[in-house]
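Heads up: the structure comes next, in structure tokens.
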Amino acid sequence: MRSSRGYVYYLKTSGTCVVVLSGCWFLYQLRQISQIFRSTVNTNILNLEQTRAQYIYIDDPQFQYEDLREPTPKKSRSLSDIFMKWWKVKNHKLAYKLLYMAQHGDRNERYKAVTVLGSLTHLKDWQYCHLAQMMDAKTAVALARMPNINSSFFLQPPYYHIQHTLNDVLEKIHLLLLNLNSLCGNTHLCLTQFLSKMFKDSHRDLVEWFDHDLTCLGLSMENTTIREDELLKSCVRAICHHSSVEQYAKHLINAGALPILTALQKICSDDVEICILLARILSNISLHSEYLENIYESGWIGILSRWSRSDDIRLSAQAISALVNLDIDGNEKAKYPQNVYLLYPTYRVHAATKMDIVFLHGLLGGVFVTWRQRDIDKSSFGVVANNTVETTDYLSTMIDDDRPQEFFKDLARDLHLREWRKIGQDFEVVLDDCPQNTNACACGPYFCRGDDVCMRCDSDSTSKTLCWPKDWLSVDIPSLRVIGVNYGTSLSMWTPFCPIESMKSTIKERSEEIVTKLKMANVGQRPLIWVAHSMGGLLIKKMLVEEWKTGDKHGICKRTKAILFYGTPHRGSHVAALKQTTQMLLWPTIEVQELREGSPHLLKLHEEFLKMLNECQIEIVSFAESKPTLVTSLKFPFQFVSLNSADPDVGEFFEIPQDHLSICKPASRQSFLYQKLLSVLKRHVNTREETTTPSIKNLLSLLSKLF
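Its first residue numbered 52, the sequence shown is counted upward by one per residue in our numbering.
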């Protein structure tokens with residue numbers, strides 16, 4: 052037994068040694084084969100799954116090209132460098148994950164992902180370019196509606212590098228107009244007449260070529276053609292007018308108009324008037340959201356995003372309307388058709404909108420004409436200016452310093468503001484445009500405290516707004532949605548008009564058209580306040596009366612909380628009281644004829660309006676002009692609306708010492724005309740807002756899903 056156990060032990064030991072030695076020999080042979088294989092075959096091409104850098108990005112701008120030939124010395128990396136490198140990598144990965152969530156998440160996740168993605172500002176140029184290449188149309192539109200968005204998120208239009216001449220673009224637009232005319236079956240008479248008038252010479256190209264050859268030979272030929280830049284602008288106006296008809300706007304996509312308009316925008320990027328027309332065309336096309344991909348592929352999203360931040364409010368308003376119509380996730384299914392402008396919010400907001408306020412102008416007015424800020428009369432501030440100069444001179448003489456005079460002016464102004472804030476709560480300031488007379492129902496505010504918000508925000512008197520509802524209400528009550536409505540009017544029927552729109556001229560027809568457009572913008576789904584100047588108040592009354600007669604199917608009367616009339620002729624105006632000979636010369640339009648003083652239609656409308664107010668609890672505030680308006684170059688004084696006609700005999704009534712054109716234009720936020728409107732709005736809307744930061748809140752909620 053002992054001998055057998057010894058044999059077994061020796062067998063196990065020898066077997067183990069054999070296995071170990073054979074394993075070592077096998078590994079040695081495998082290593083030799085691997086070295087031979089690597090020396091003959093390049094195995095780096097097999098690492099396809101390993102990502103490689105497609106760009107070489109040098110952070111240090113002082114790094115010279117010659118340094119590439121020499122070995123780069125290794126620098127000691129500090130803790131801050133390591134942290135910054137880690138943060139850049141995380142920021143890079145976060146951007147791609149946010150883009151993926153913005154494209155594939157649900158509606159709430161897409162909204163949050165776009166908000167956080169638009170707030171990333173530390174990406175490299177190549178990262179922006181890569182994200183733009185991965186972008187889809189919906190995400191691009193959502194990013195375009197973010198404030199201060201980086202333009203690198205949007206790609207340039209296709210073939211944007213090609214240089215087109217003005218003559219080439221003009222020829223393409225001519226062919227486009229011909230194609231549009233054929234697509235509509237020659238039913239748009241305005242377009243047909245334009246083509247026959249502006250392009251009646253079929254040999255225009257031959258004439259220009261022959262004229263060019265004569266010029267090269269030193270000869271000249273009488274120029275009987277229209278200048279190309281004027282013809283081009285007329286053609287763009289014709290396309291804009293054609294696209295204003297809803298059924299014709301679709302034809303622009305089918306006719307391939309978007310690439311042509313892109314080339315035109317590149318040539319005329321400095322011409323604001325053409326850019327406004329192009330933005331209006333895109334706004335008309337944007338009503339058809341099924342063409343979002345076509346608009347995105349043609350590169351118009353980036354252009355509209357840049358235009359939406361333009362200083363020219365006419366251009367920015369059109370671009371904002373186009374982007375809102377295309378932003379399906381962020382517009383709450385609201386559409387803003389032609390002549391309906393979203394004045395605020397112009398970007399995506401996280402707070403809920405609590406109330407709508409709609410502004411309607413009067414005869415011959417406009418959104419960006421009627422609601423401008425009035426010029427401030429600086430003659431009354433002469434004493435204050437003199438005191439300021441004396442204080443500055445006193446400080447400059449007392450202090451022995453070589454600093455410039457601007458330093459002492461700023462110092463004196465800071466001291467003045469500091470003292471003003473100290474005693475601001477101890478006095479009140481009478482508002483500008485304070486009423487001269489009121490009725491028994493009228494109430495203030497007639498004063499504002501020295502430390503009020505309106506006193507602090509008007510310290511910079513040099514800045515002047517072109518649309519005070521857009522700039523002032525957005526600051527005082529951010530939970531509003533401010534809408535401005537435009538409609539075309541004329542004093543004489545001698546002016547040309549479109550045959551398609553010739554029937555929309557009476558108050559009844561215009562009110563029906565405005566109601567239809569406002570319903571597209573979801574007006575009537577939340578509390579509503581109307582603000583009107585002159586004839587706009589009559590349109591509001593007609594809209595509400597007609598809705599009230601039909602049972603208020605859209606809820607506009609029920610949700611209307613207040614109406615503010617600025618110089619509205621409830622019983623007619625003197626401007627329409629023309630003599631028989633004057634009528635024969637001017638041939639007044641239907642709008643002017645309906646505004647006659649004592650018109651039966653206006654008296655009946657006002658009677659029905661008062662009956663409606665007995666059933667609907669609507670607050671009425673009226674402002675009447677007490678000064679005549681200086682019309683024509685001769686400064687002839689004329690009272691457009693009398694005090695009796697401006698008084699609706701209901702609600703609050705104020706006589707303001709301004710004329711008909713200035714009664715809707717407050718000079719500052721300290722004006723009674725604005726502060727009264729603000730007090731009415733604050734009574735009907737809850738101004739308490741959440742103080743949380745949306746971007747940080749959204750980022751924290753997304754981090755749990757992303758990492």
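The C-beta atom is built at its ideal place from N, Cα and C for all residues, glycine as well.
*Grouping DSSP H, G and I as helix and E and B as strand, with all else coil, what is N488?*
Residue numbering aside, residue 488 sits at position 437 when the sequence shown is read from its first letter. In the structure shown, N488 sits in a strand (DSSP, three-state: E or B).
_Can you list, in chain order, the residues of its chain with a C-beta nearer than 8 Å to that of G575? Leave out the 5 residues immediately preceding and following it._
For the purposes of this step, residue 575 is identified with residue 524 of the sequence shown, where counting begins at 1. Within the same chain, G575 has close Cβ partners L569, H605, G606, I607, R610.
*Leaving out the 5 sequence neighbours to the left and right, which residues in its chain are closer than 8 Å to V481 when beta-carbon positions are compared?*
By 1-based counting over the sequence shown, the position of residue 481 is 430. Around V481, the same chain offers Y497, F498 as residues with beta carbons nearer than 8 Å, after the five sequence neighbours per side are excluded.
*Length of the line joining the Cα atoms of L342 and Q389*: As a working mapping, residue 342 is identified with position 291 in the sequence shown. As a working mapping, residue 389 is identified with position 338 in the sequence shown. The question names Leu, but residue 342 in the sequence shown is Tyr. One C-alpha to the other measures close to 17 Å.
*Residue-level contact to chain D via CB, L466, 8 Å cutoff*: The chain labelled as chain D is not found in the depicted structure, where only one protein chain is given.
*Leaving aside the five residues before and after Y725 along the sequence, list all residues of the same chain whose C-beta is less than 6 Å from its C-beta, in chain order.*
Residue mapping note: residue 725 aligns to position 674 of the sequence shown, counting from 1. Spatial neighbours of Y725 in its own chain (CB-CB distance under 6 Å, excluding positions within 5 residues in sequence) are listed in chain order as P717.
*asked:* So for T275, helix, strand or coil by DSSP?
replied: Translated into the one-based positions of the sequence shown, residue 275 becomes position 224. Because the pLDDT at T275 is just 40, under 50, the model does not fix this residue reliably, and the value given afterwards should be weighed accordingly. It is coil, neither helix nor strand.
*With a CB to CB cut of under 6 Å and the five nearest residues on each side skipped, what residues in its chain are close to I304?*
The residue labelled residue 304 in the question sits at position 253 within the sequence shown. Cβ within range, chain order: Y342, N345.
*What's the gap between the Cα of S719 and the Cα of E676?*
Walking along the sequence shown from the start, residue 719 turns up at place 668. Walking along the sequence shown from the start, residue 676 turns up at place 625. Spanning the two alpha carbons is a distance of roughly 18 Å.
_Cutting at 7 Å between CB atoms, please list the residues of its own chain near S730, excluding the five before and the five after it._
As a working mapping, residue 730 is identified with position 679 in the sequence shown. Cβ neighbours of S730 beyond the five flanking positions: P496.
*Considering only residues of the same chain and omitting the five flanking positions on each side of S361, which have a CB-CB separation below 6 Å?*
Stepping through the sequence shown from its first residue, residue 361 is reached at position 310. Excluding positions up to five away in sequence, the list reads S367.
*Quick one: measure Cβ to Cβ for T619 and G588, integer angstroms, because I've assumed they're closer than 8 Å.*
Here residue 619 corresponds to residue number 568 of the sequence shown, with the count starting at 1. Here residue 588 corresponds to residue number 537 of the sequence shown, with the count starting at 1. Between T619 and G588, the beta carbon gap of about 3 Å places them in contact (Cβ cut-off 8 Å).
_Alpha carbons only, please: which of C235, V323, V582, H225 is nearest the one belonging to Q298?_
Here the question's residue 298 lines up with position 247 in the sequence shown. The shortest Cα separation from Q298 among C235, V323, V582, H225 belongs to C235.
*Span separating the alpha-carbon of L168 from that of N537*: The residue given as residue 168 occupies position 117 in the sequence shown. The residue given as residue 537 occupies position 486 in the sequence shown. Spanning the two alpha carbons is a distance of roughly 36 Å.
*Could you spell out where the beta strand (DSSP E) holding L681 opens and where it closes?*
Your numbering for residue 681 matches position 630 in the sequence shown. Here the beta strand (DSSP E) through L681 covers 680-682.
*Is Y211 closer than 8 Å to G350 when the C-beta atoms are compared?*
As a position in the sequence shown, residue 350 is number 299, starting the count at 1. As a position in the sequence shown, residue 211 is number 160, starting the count at 1. Result yes, Cβ atoms of G350 and Y211 sit closer than 8 Å.
*Looking at C-beta atoms only, is the number of pairs between the stretch 283-295 and the stretch 368-387 that lie closer than 8 Å three or more?*
Too few Cβ pairs lie closer than 8 Å, so no.
*Mind reading off the beta-carbon distance from V391 to L579? Whole number of angstroms is fine, and I expect it under 8 Å.*
Counting from 1 along the sequence shown, the entry for residue 391 is found at position 340. Counting from 1 along the sequence shown, the entry for residue 579 is found at position 528. Taking a contact as a CB-CB distance under 8 Å, the pair V391 and L579 does not count as one, their CB atoms being some 14 Å apart.
*The beta strand (DSSP E) spanning R532 covers which residue range?*
Locating residue 532 in the sequence shown gives position 481, counting from the first residue. Run containing R532: 531-536, per the beta strand (DSSP E) assignment.
*Expressed to the nearest angstrom, what Euclidean distance is found between the alpha-carbon atoms of S55 and T64?*
Locating residue 55 in the sequence shown gives position 4, where the first residue counts as 1. Locating residue 64 in the sequence shown gives position 13, where the first residue counts as 1. About 14 Å.
_Nearest-angstrom beta carbon gap, V596 and L656 [assumed within contact, 8 Å]_ = Within the sequence shown, residue 656 is the residue found at index 605, counting from 1. Within the sequence shown, residue 596 is the residue found at index 545, counting from 1. About 7 Å; that satisfies the 8 Å criterion.
_Secondary structure of R357, DSSP reduced to three states_ = To locate residue 357, count along the sequence shown from 1; it is residue 306. Here R357 sits in helix by DSSP.
*Look up F250 in the DSSP assignment and say whether it is helix, strand or coil.*
Counting from 1 along the sequence shown, the entry for residue 250 is found at position 199. Correct three-state label for F250: coil.
_Among the candidates L377, C326, L732, whose CA atom is the shortest distance from the CA of W358?_
As a first step, residue 358 is located in the sequence shown; it is residue number 307 there, counting from the start. The residue with the shortest Cα to Cα distance from W358 is C326.
*asked:* Considering Cα atoms alone, identify which of P699, I614, E666 is closest to R622.
replied: Reading the sequence shown from its first residue, position 571 is the one you call residue 622. Comparing Cα-Cα distances from R622 to each of P699, I614, E666, the minimum goes to P699.
*Determine the closest residue to E281 out of A308, A306, L312, M249, with distance taken between C-alpha atoms.*
Locating residue 281 in the sequence shown gives position 230, counting from the first residue. If we check each option's Cα against that of E281, M249 comes out closest.
_Classification of D378 by the beta-carbon crowding that lies within 10 angstroms, buried from 16 upward_ = In the sequence shown, the residue the question calls residue 378 occupies position 327. Buried, because 16 or more other Cβ atoms sit within 10 Å of the Cβ of D378.
_Is it buried or exposed, K662, if we count other Cβ atoms within 10 angstroms and call 16 or more buried?_
Start at 1 with the first residue of the sequence shown, and residue 662 comes out as number 611. An exposed status is given to K662, since fewer than 16 other beta-carbon atoms sit within 10 Å of its beta-carbon.
_C-beta contact flag for A330 and A300 at 8 Å_ = The residue given as residue 330 occupies position 279 in the sequence shown. The residue given as residue 300 occupies position 249 in the sequence shown. Against a cut-off of 8 Å, the Cβ pair of A300 and A330 comes out as no contact.
*Have a look at I591 and L646 and give me their C-alpha separation to the nearest angstrom.*
The count along the sequence shown starts at 1 and reaches residue 591 at position 540. The count along the sequence shown starts at 1 and reaches residue 646 at position 595. Rounded to whole angstroms, the separation of the alpha carbons of L646 and I591 is 15 Å.
*In the DSSP assignment, what are the bridge partners of I580?*
Within the sequence shown, the letter at position 529 stands for residue 580. BP columns for I580 point to I408, A613.
*Span of the beta strand (DSSP E) holding V701?*
Against the sequence shown, residue 701 aligns to sequence position 650. Per DSSP, V701 belongs to no beta strand (DSSP E) and is neither H nor E.
*Can you tell me the Cβ-Cβ gap for Q184 and L206, rounded? I've got them flagged as a contact below 8 Å.*
Translated into the one-based positions of the sequence shown, residue 184 becomes position 133. Translated into the one-based positions of the sequence shown, residue 206 becomes position 155. With a Cβ gap of about 7 Å, Q184 and L206 count as contacting.
*Just how far apart, CA to CA, sit T313 and E348?*
On the sequence shown, residue 313 is found 262 positions in, with the first residue counted as 1. On the sequence shown, residue 348 is found 297 positions in, with the first residue counted as 1. CA-to-CA, the gap between T313 and E348 works out to about 11 Å.
*Quick one: using the 10 Å Cβ neighbour count with 16 as the cut-off for buried, is G57 buried or exposed?*
Counting from 1 along the sequence shown, the entry for residue 57 is found at position 6. Exposed.
*What residues in its chain sit with their C-beta under 6 Å from that of L315, if we drop five residues either side in the sequence?*
Working through the sequence shown from its first residue, we reach residue 315 at position 264. V220.
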